[in-house]
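Participant:
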Amino acid sequence: MGELAWEEFANCVDTSPVFVSVGSTEQHGLHLPLNVDTVLTVEFTTRAAQCVNGLVAPLLPFGFKSQPESGGGRTSLGPRILTGARSDDRSEM
Numbered sequence: 001m002g003e004l005a006w007e008e009f010a011n012c013v014d015t016s017p018v019f020v021s022v023g024s025t026e027q028h029g030l031h032l033p034l035n036v037d038t039v040l041t042v043e044f045t046t047r048a049a050q051c052v053n054g055l056v057a058p059l060l061p062f063g064f065k066s067q068p069e070s071g072g073g074r075t076s077l078g079p080r081i082l083t084g085a086r087s088d089d090r091s092e093m
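Heads up, the sequence shown is in UniProt numbering, so the first residue is 1 and it goes up one at a time.
Below, the structure is given as structure tokens:
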């Protein structure tokens, strides 16, 4: 989606599903990088969009914290703010 001109996007958005990736940056132990949630969600949404000729919206690199804090590097939003960001995003498309 980010590579499209706004006119191209306007022509596609009514007929193509738009997939939005959301993923936290957080610790998962010593065996995985902090961005594993975002890497996985971008890959899943890209593959799903390819199956149905959909569009992939830019990543929202924040999610809801799923684990107690141990270590550092977490970026997350509370549920009210995260839900509001997604609602605002949908209304603009």
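Where is the CB? At the ideal position from N, CA and C, for every residue including glycine.
Please classify V52 as buried or exposed, where buried requires at least 16 neighbouring CB atoms within 10 angstroms.
Facilitator: So V52 counts as exposed.
Participant: From L34 to V13, what distance separates their C-alpha atoms?
Facilitator: So the two alpha carbons sit approximately 32 Å from each other.
Participant: Going by the beta-carbon positions, is the gap between G54 and S16 smaller than 8 Å?
Facilitator: In contact: G54 and S16 (Cβ atoms closer than 8 Å).
Participant: With 16 as the cutoff for other CB atoms within 10 Å, does residue 154 come out buried or exposed?
Facilitator: The structure shown has nothing for residue 154, since the chain only spans 1 to 93.
Participant: Among the residues of its own chain, which have a CB less than 6 Å from the CB of G23, if the five just before and after it don't count?
Facilitator: Here the set comprises D37, T38, T41 and G63.
Participant: For V52, does the three-state DSSP call read helix, strand or coil?
Facilitator: Three-state DSSP puts V52 in coil, outside helix and strand.
Participant: Shortest alpha-carbon distance to L77 belongs to which of E26, M1 and W6?
Facilitator: The shortest Cα separation from L77 among E26, M1 and W6 belongs to E26.
Participant: To the nearest angstrom, how far is the alpha carbon of F44 from that of T83?
Facilitator: So the alpha carbons of these two residues sit roughly 21 Å apart.
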